[in-house]
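A.B. asks:
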Amino acid sequence: MALIEGAEAAVYMAGIIKQLTAVKDVKIRCLVDNKSLHESLLSSKQVENRRLRLDISVLDDMIWREEIKKVEWVQTSHQIADCLTKKGSFYRETQGCSQQELKKKKKKKKKK
Numbered sequence: 012m013a014l015i016e017g018a019e020a021a022v023y024m025a026g027i028i029k030q031l032t033a034v035k036d037v038k039i040r041c042l043v044d045n046k047s048l049h050e051s052l053l054s055s056k057q058v059e060n061r062r063l064r065l066d067i068s069v070l071d072d073m074i075w076r077e078e079i080k081k082v083e084w085v086q087t088s089h090q091i092a093d094c095l096t097k098k099g100s101f102y103r104e105t106q107g108c109s110q111q112e113l114k115k116k117k118k119k120k121k122k123k
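Converting from the sequence shown to this note's numbering requires adding 11 to each position, the first position being numbered 1.
(1) With the cut-off set at 8 angstroms, would you say V37 and K29 are in Cβ contact?
(2) Quick check on DSSP: helix, strand or coil for E83?
(3) So, using beta-carbon positions, are A18 and I67 closer together than 8 angstroms?
(4) Which partner residues does R62 have in the DSSP bridge list?
(5) So, at 7 angstroms on beta carbons, what are the nonlocal neighbours of K81 in its own chain, with the 5 sequence-adjacent residues on each side left out?
(6) Considering only the beta carbon of each residue, do D71 and L42 sit closer than 8 angstroms?
(7) Taking all protein chains shown into account, decide if L14 is buried (16 or more other Cβ within 10 angstroms of its Cβ) or exposed.
(8) From L31 to M24, what does the alpha carbon distance come to, in whole angstroms?
(9) Output needed for M131: all residues of its chain with C-beta closer than 7 angstroms, excluding positions within five of it in sequence on either side, in chain order.
(10) Leaving out five residues before and five after E83 in sequence, what residues of the same chain have Cβ atoms less than 8 angstroms from its Cβ?
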């Protein structure tokens, strides 16, 4: 599952960042466009597929140990990782999503 691979890579990179810098806490936020996966992570109900159940338990454990701060659902059109993993998805299409997020963050900071 791509989410687990990405989360494990992010946890590994966070460890390197902590070792090389004075940063004590690196917050890892995972974005997923699979709504049923996101709902499964929020629910205590078990998934029927045995392999998927194992993957979800690994993710739950990472969240419980606070290696991952949160897993959020985003619309597929806002999933910027698609340009790296899916044929036919282009960076230009997803570039606007990340720019929109930056603008939103700047507006929030100004309001504070």
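For glycine and all other residues, C-beta sits at the position ideal for the given N, C-alpha and C.
C.D. replies: Taking the definition as stated:
(1) Position 26 of the sequence shown holds residue 37. Position 18 of the sequence shown holds residue 29. Contact: yes.
(2) Start at 1 with the first residue of the sequence shown, and residue 83 comes out as number 72. Strand, per DSSP.
(3) Position 7 of the sequence shown, counted from the first residue, corresponds to residue 18. Position 56 of the sequence shown, counted from the first residue, corresponds to residue 67. In this structure, I67 does not lie closer than 8 angstroms to A18 by Cβ.
(4) The count along the sequence shown starts at 1 and reaches residue 62 at position 51. DSSP, once it has assigned bridges, lists no residue as partnering R62.
(5) Translated into positions along the sequence shown, residue 81 becomes position 70. The answer, listed in chain order, is R40.
(6) Sequence index remark: in the sequence shown, residue 71 carries index 60 (1-based). Sequence index remark: in the sequence shown, residue 42 carries index 31 (1-based). It is not a contact, given that the beta carbons lie outside the stated cut-off.
(7) Numbered from its first residue, the sequence shown carries residue 14 at position 3. With 16 or more other Cβ atoms within 10 Å, it is buried.
(8) By one-based count along the sequence shown, residue 31 stands at place 20. By one-based count along the sequence shown, residue 24 stands at place 13. Between L31 and M24, the C-alpha separation is close to 11 angstroms.
(9) What the structure shows of the chain is the stretch from 12 to 123, and residue 131 is not part of that stretch, so it cannot be assessed.
(10) Counting from one through the sequence shown, the residue named residue 83 turns up at place 72. Result list for E83: R40, C41, L42, V43, H49, in chain order.
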